[in-house]
Amino acid sequence: CSSSAFASNSMSSKLSKSVQMSRLANTFESNTPTSHSEVQGVVVEEKGLGVPQDADYSYEVTFRSYVDPTEANLHSIYYDPGRNKVRPTFQHSNARHRTNFDGDDVNVILEESESESELGSILPKTPTAKFGTWDGVFTSCLLNIFGVIMFLRVGWIVGQAGTMLTLVVIGVSSIVVLLTALSMSAICTNGEIRAGGAYYMISRSLGPSVGAAVGVIFSVGMSVAVALYVIGFMETFVEQANFTLTGTAINDARVYGILMAFVLLLIALVGVGWVIKVQLILLALLVASIISFFIGSFLSPKPEAGFVGYNTGASADNFGPDFSPLNGVSTSFVVTFSVFFPAVTGIMAGANISGDLKNPSESIPKGTLYAIGVSSVVYSLMAIVIGAVTVRGEPDGEIGLKNNFLIMTEVSAWGPLVFAGIYAATFSSALASLVGAPRILMSVAQDNLLPILAPFAKTRANGDPVRAYFVSFLLACACILIGELNIIAPLITMFFMMTYALINFACFQLSLAKSPGWRPQFRWYNKWTAFSGALLCVVMMFLLNYLYAIIATFIAAAIYKYIDYKQPNVNWGSAPEGRALLHAILSVQRLRTAQAHIKNFRPNYLVLTGDPNERMHLVHFVHNLRKGFGAVFLGNVVIGDFLKMASESKSAKKEEPDFKRDWQNQKRLLSHDEYFVKKSTTGKQDMVMFNHRIISKSLKDGCQSLIQTAGVGRLAPNTLIVGFKTDWAQKEEETNDYVDIIRSAFAHNLGVLIGRGLRTFDFDSKKPDPFGTVDIWWLLDDGGLSVLIPYIMSKAQFWKTQTEGDTVPLRLFIISDGGENSEDFRRVSELLRRFRLDEISIHCVSTDGIDASGASIAHYDHTIAPQGLKSQARPEVTKRWIRVSELMRQHSLKARLVYCTIPFPRERISAFEFMSWLELLSEDMPPMILIRGNGESVLTWYSE
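Counting from 1, position 35 in the sequence shown corresponds to residue 841 in this note's numbering; the numbering is continuous, with no gaps.
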């Protein structure tokens, strides 16, 4: 190859192709004009690429193939849901190339129809403001973890629980967040993480129902957390202030708190970039205050303030628990844990701004884990030090750990620096929560899962969710009016515990699904660590406050059920879907060890509908057999050449609303994960059936292929349902194929149902139309299918509204000259009793020794079969069928639906003769199901 063959390696090409989609027809128009581009013997087809009309293939050729320069070795796009693009197929790519052959020399010319500026407009734009591991994640997490609890409640927790149990509280909290961080890191490194933080990770892992529930709760929880930090800020400020606005400290805190929340809102509206810059300054101030505390613990004690210093026995005195009431409220280990746990909930601060990070998959794991490690060590050291240098103080006193929430200012080398640390920690934590909560709410709204949230999907040009900011601001203000930090803290714990539990469970589910797409770069996790984290979170929720836990769970469950009921049209490849697929595969494989037994027999139907929307009467009929809980396969044979029609079949049915399929997945021509789905107009169960389409050169060959290949393993059809061919007498060749299809079904051990007159039923009507009965003419032993199918049908609500009485009246007719006193009648009655088919009443019809009437025979000879009885292989049998038709008209002419056993289409019986029997049985009769089992028993009275 010449060097010019690779001159296009760095070139970019955009392919935009639109092909008008058309419905799949039963005949293929082979004369469709096709344009070709021929250059020295090379033909590249321009049409028939199977591209939907809304497809826009925009891709960059990374480099061309060495072995065949007419193809790309790699394209830049494989799948990008954010840009709604997919990787083009080789047909789409090659259709844009002109290739010249000159011996061994290959010259590739890309047809450039767009300028580089046009191409640049469709490629991802590099965001302007992006943050990394340290300035984006580590700083945000650490500032949220080093929040109000550190300076205002760690000392009080040590005073109540003692140093030992405080370390247990810190340890358990650290374990919970560490396990959650490991799970979160695994999810983050398994693909690109976009805006939405915890919501994005959970929704894309566990699906929209769980994701939206957690997204709403987590957004509310973070909004409430703003109030927690503001109240902590104001507790300190009001206590230090020498003036009052309202006369009471709590009301002053409420007023100042609302004002502070407004300031936070203004800062957030300025933009995330300013928030990050402010956080770096606050972190420096916070670190200085922590260092001042540790240095001050070695300086001169202040016994009058409860700071007694080391070597005074305070460490031993404070080692064990000494719980005492606070403001009349009893305390315990659970209470102290619930108060402390919000301190470590800041681990999600980095993930909450995932949309503003340069590389979330790298920054979130590193920054979060480093922040957890540093904060756990600092909290533990602070608990040990404060327990070693201070006294508990008397209950209801003024000094000591139990009474002075600001005792760390007494220990610090410079007290004002601790106040500055408190203000920095609470202000930064509140700011981070106010920035994160709206972004989660915005992400839920943009996914269009809850219509009520639609207004909050809009953002400013820079991506800031202004409307969601005001929602979080109002929620925070409402909680600020509560004014009690110890009341708000347990509520926040519930929200975060639920979120952490579901993050861990999402990682567990993804690992358990064993999907090839689950390939996290982060390796320091295990499915059992994820499961342990989820279980620990759930247990702690109910141990801390079962009432709050029940309320939070109820709210989440309500949102979950609503979205699950709405079934939003999203495809995120969630873990439950992967797990369901794996479970289905394993379940089908396990069926190999389960031997077939009559007790477990259930009809699985193959319905030859063609386009299902053209024969909805068959679809509705089989849907009303769902009480048998069998699988339903809708067979559609498309006549034509496979290779020529494959590309057109890929884009078929795009317009139909009943097929919920993404055109990006239509490359799969024939796959069993395609479904026919139709909403039920009667408010009952929706129709969900397998849609099996096949391209074949003839209808008979296609149907025979369907009979042999539909289903998988034991989940294969055992009953064929077809419509009646009304024009059988005029189309001999088609009639021969039609009967051969029925013969093929019997040859493959399938039972057969032929429906005639079913179009007369209004299956979509909600209005009852009760009259008549369902009659069963069981004329031949077929294994019991002729009785089982009507019994299953009688359980459907539709047929209860279409027949007489409260239940479907089933009448079984047998022909016996002895009448109801005959041995035949007695045996059939006993048989049905032992089969436990008590709903079926038995009627014995006698021929009275009379053969078919001359008028009926003449009608058959002149109207149904003009060739006459003498030309048939079994004329005597035909006469008997004529007599049966007379009896059916005598007894079942006013029935609502009739089932009749049909003869077996033996090879020596012509298709014409067989169809003439079916015609005389069903002509001028109520809607009829002509039925015959494959001869194998489907009913039994035995228990083994």
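Every residue, glycine too, gets a C-beta built ideally from N, C-alpha and C.
Item: Taking buried to mean at least 16 other C-beta atoms within 10 Å of its own C-beta, is K1484 buried or exposed?; Value: buried
Item: Among residues of its own chain, excluding the 5 on either side of I1293, which ones have a beta-carbon nearer than 8 Å to its beta-carbon?; Value: none
Item: Identify whether G1611 lies in helix, strand or coil by the three-state DSSP scheme.; Value: coil
Item: Quick check: V1197 and G1102, are their CB atoms within less than 8 Å of each other?; Value: no
Item: Entirely within the region 1629-1672 and at least 3 residues each: give me those beta strand (DSSP E) ranges in chain order.; Value: 1646-1651
Item: Just the Cα atoms here: how many angstroms apart are I1735 and G1013?; Value: 43 Å
Item: Which residue marks the beginning of the beta strand (DSSP E) containing T1054, and which one marks its end?; Value: Per DSSP, T1054 belongs to no beta strand (DSSP E) and is neither H nor E.
Item: Can you check DSSP and say which residues form a bridge with V1036?; Value: V1036 pairs with nothing; no bridge assigned.
Item: Fully enclosed by the region 962-1030, which alpha helix (DSSP H) runs are 4 residues long or longer?; Value: 1004-1012
Item: Per the DSSP calculation, I1288 is bridged to which residue(s)?; Value: Answer is none; I1288 lacks a bridge partner.
Item: Based on Cα-Cα distance, which residue from M1495, H1668, R1712, S1659 lies nearest to E1692?; Value: S1659
Item: Check the C-beta distance from A1231 over to M956 and give it rounded, since I have them as a contact under 8 Å.; Value: 6 Å
Item: Among all the DSSP beta bridges, which residues are the ones paired with R1617?; Value: D1581, S1647
Item: Whole angstroms are fine: how far does the CA of F1619 sit from the CA of R1680?; Value: 25 Å
Item: Using C-beta distances below 8 Å, list every residue in its chain close to D1588, excluding the 5 sequence neighbours before and after it, in chain order.; Value: G1557, T1707, I1737, R1738, G1739, N1740, G1741
Item: Name the DSSP bridge partner or partners of M1304?; Value: Paired residues: none, contrary to the question.
Item: Answer yes or no: do W1723 and P1709 have a C-beta to C-beta separation smaller than 8 Å?; Value: yes
Item: Give the DSSP-derived three-state secondary structure of N1268 in the structure shown.; Value: coil
Item: Tell me the rounded alpha-carbon separation between A1295 and V1141.; Value: 10 Å
Item: Which residues in the same chain as S1628 place their Cβ atom closer than 8 Å to its Cβ, once the five residues preceding and following it in sequence are excluded?; Value: S1622, C1650
Item: What residue does the alpha helix (DSSP H) around Y1185 start on, and which one ends it?; Value: 1166-1195
Item: Could you please give me the residues that DSSP links to R1562 through a beta bridge?; Value: M1734
Item: In chain order, what residues of the same chain lie with their CB nearer than 8 Å to the CB of T1137, ignoring the 5 residues before and after it?; Value: Q966, F1129, S1130, P1131
Item: Which value, in whole angstroms, describes the spacing of the CA atoms of D1417 and A1364?; Value: 38 Å
Item: I'd like the span of the beta strand (DSSP E) that includes F1439, first residue to last.; Value: 1438-1445
Item: Using 10 angstroms around the beta-carbon of G1441, count the other beta-carbons present and answer buried if the total reaches 16, otherwise exposed.; Value: buried
Item: Tell me whether K936 sits in a helix, a strand or coil according to DSSP, three-state version.; Value: coil
Item: Determine contact between the region 1261-1279 and the region 1233-1250, defined as no fewer than three beta-carbon pairs at a distance below 8 Å.; Value: yes
Item: Do the CB positions of V1036 and Y1185 come within less than 8 Å of each other?; Value: no
Item: According to the neighbour-count rule (16 or more other Cβ atoms, all chains shown, within 10 Å of its Cβ), is K1208 buried or exposed?; Value: buried
Item: Identify whether R1273 lies in helix, strand or coil by the three-state DSSP scheme.; Value: helix
Item: At what residue ranges does the region 1330-1398 contain a whole run of the alpha helix (DSSP H), taking only runs of 4 or more?; Value: 1333-1350, 1352-1372, 1381-1396
Item: Within 10 angstroms of the Cβ of L1591, are there 16 or more other Cβ atoms? Answer buried if so, exposed if not.; Value: buried
Item: Going by DSSP in three states, K1484 sits in which element: helix, strand or coil?; Value: strand
Item: I'd like to check one pair, A1157 with I1178: are the Cβ atoms closer than 8 Å?; Value: no
Item: Taking the alpha carbon of P1201 as the point to measure from, which residue in W1584, V1183, V1135, L1297 has its own alpha carbon closest?; Value: V1135
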